[in-house]
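Using this note's numbering, read the sequence shown as starting at 1 and increasing by one per residue.
All C-beta atoms, glycine included, are put in the ideal place defined by N, C-alpha and C.
Step one of this worksheet: look at the structure below.
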Amino acid sequence: MKSGKIKKGFFIVIEGIDGAGKSTQVEMLAKKLKRKGLEVVTLREPTEGKWGQKIRQLSRRRGSVEPEKELELFIKDRKENVVKNIKPALRAGKVVILDRYYYSTLAYQGARGISLEKIRNLHKFAVVPDIVFIIDVPVKLGLSRIKDRPVIYRLFEDKDYLQKVRKIFLSLQDSECLVIDGRRQAKEIHHEIWAKLKEKLPILSPNNGHCFSL
């Protein structure tokens, strides 16, 4: 009988610039995985913890926050998330879906002038995802989608900055980090993500004879 758990769990990350549609895809994917009988944990970064709240407070005046200080806060928030949330869920055999991870730090803080090598070296503590989906949209489209949201990150209004962010995101593409065209309807994007996910997580295929592990 299927228990809804996977041996060692499974870690999915959804990335992209603001307005890419990440949160929508996290929600759609979580619902579908739950319908398949899997135990799913959805998380986001920055978190709602102490360091995540600090990041949000400083972000309202982001231009005045030094890149190194900003990076330090993201690292502290992420370490806490890994220890308190991500690792326990994976050890329990659950699927973790995370909205933003260290790829966002590479892109956003990298675009502020911090070397990608330095950022990577500071993330040796981080759990490596099983698969990453970078939802890519042109900067103009992303900005148009968030224009009615409360302005938190003032740099999001800077097209040149976001172009740098997007360029770094696209440079991260590899066999485990897949770029998805985010210009389409949400359902189309979800179908592609689901198809790619089934290749990595065979238990989602209906006729594979694989049972969930405790």
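Quiz item: From this set, T42, R35 and I119, which residue's C-alpha is nearest P67's C-alpha?
Solution: Counting from one through the sequence shown, the residue named residue 67 turns up at place 67. Here the closest residue by C-alpha is I119.
Self-check item: Status (buried if at least 16 other CB within 10 Å, exposed otherwise) for H190
Solution: By one-based count along the sequence shown, residue 190 stands at place 190. H190 comes out buried.
Self-check item: Cβ-Cβ distance between A107 and I168 below 7 Å
Solution: The count along the sequence shown starts at 1 and reaches residue 107 at position 107. The count along the sequence shown starts at 1 and reaches residue 168 at position 168. Yes.
Quiz item: Starting from V26 and walking both ways along the alpha helix (DSSP H), at which residues does that stretch end?
Solution: The count along the sequence shown starts at 1 and reaches residue 26 at position 26. Where V26 is concerned, the enclosing alpha helix (DSSP H) stretches over K22 to R35.
Practice problem: Specify, as a first and last residue, the run of the alpha helix (DSSP H) that D160 falls within. | Solution: One-based indexing of the sequence shown puts residue 160 at position 160. Annotation for D160: the continuous alpha helix (DSSP H) segment containing it runs K159 to S171.
Quiz item: Do L172 and the ligand FAD come close, with the Cβ less than 6 Å from some heavy atom?
Solution: Only the bare structure without any ligand can be found here, which leaves the ligand FAD out of the picture.
Quiz item: Do you know offhand how far R91's Cα is from I97's?
Solution: Counted from its first residue, the sequence shown places residue 91 at position 91. Counted from its first residue, the sequence shown places residue 97 at position 97. Those two C-alpha atoms are separated by around 14 Å.
Exercise. Go ahead and label L197 buried or exposed: buried means 16 or more other beta carbons lie within 10 angstroms of its beta carbon, across all protein chains shown.
Key: The count along the sequence shown starts at 1 and reaches residue 197 at position 197. Under this definition L197 is a buried residue.
Quiz item: On the three-pair Cβ rule with 8 Å, is the segment 21-36 touching the segment 48-58?
Solution: no
Practice problem: Return the Cβ separation of D136 and G16 in integer angstroms, given the expectation that the two are a contact with Cβ distance under 8 Å. | Solution: Here residue 136 refers to the residue found at position 136 when the sequence shown is read from its first residue. Here residue 16 refers to the residue found at position 16 when the sequence shown is read from its first residue. Between G16 and D136 the Cβ distance is about 6 Å, and since that is below 8 Å, they are a contact.
Exercise. Classify G16 as helix, strand or coil using the three-state DSSP reduction.
Key: The residue given as residue 16 occupies position 16 in the sequence shown. In this structure, G16 counts as coil in the three-state DSSP scheme.
Exercise. Just list the alpha helix (DSSP H) runs in the segment 69-134, keeping only unbroken ones of 4 residues or longer that don't cross its boundaries, in chain order.
Key: As summarised for the segment 69-134, the continuous alpha helix (DSSP H) elements at least 4 residues long and confined to that stretch are 87-91, 102-110 and 116-121, given in chain order.
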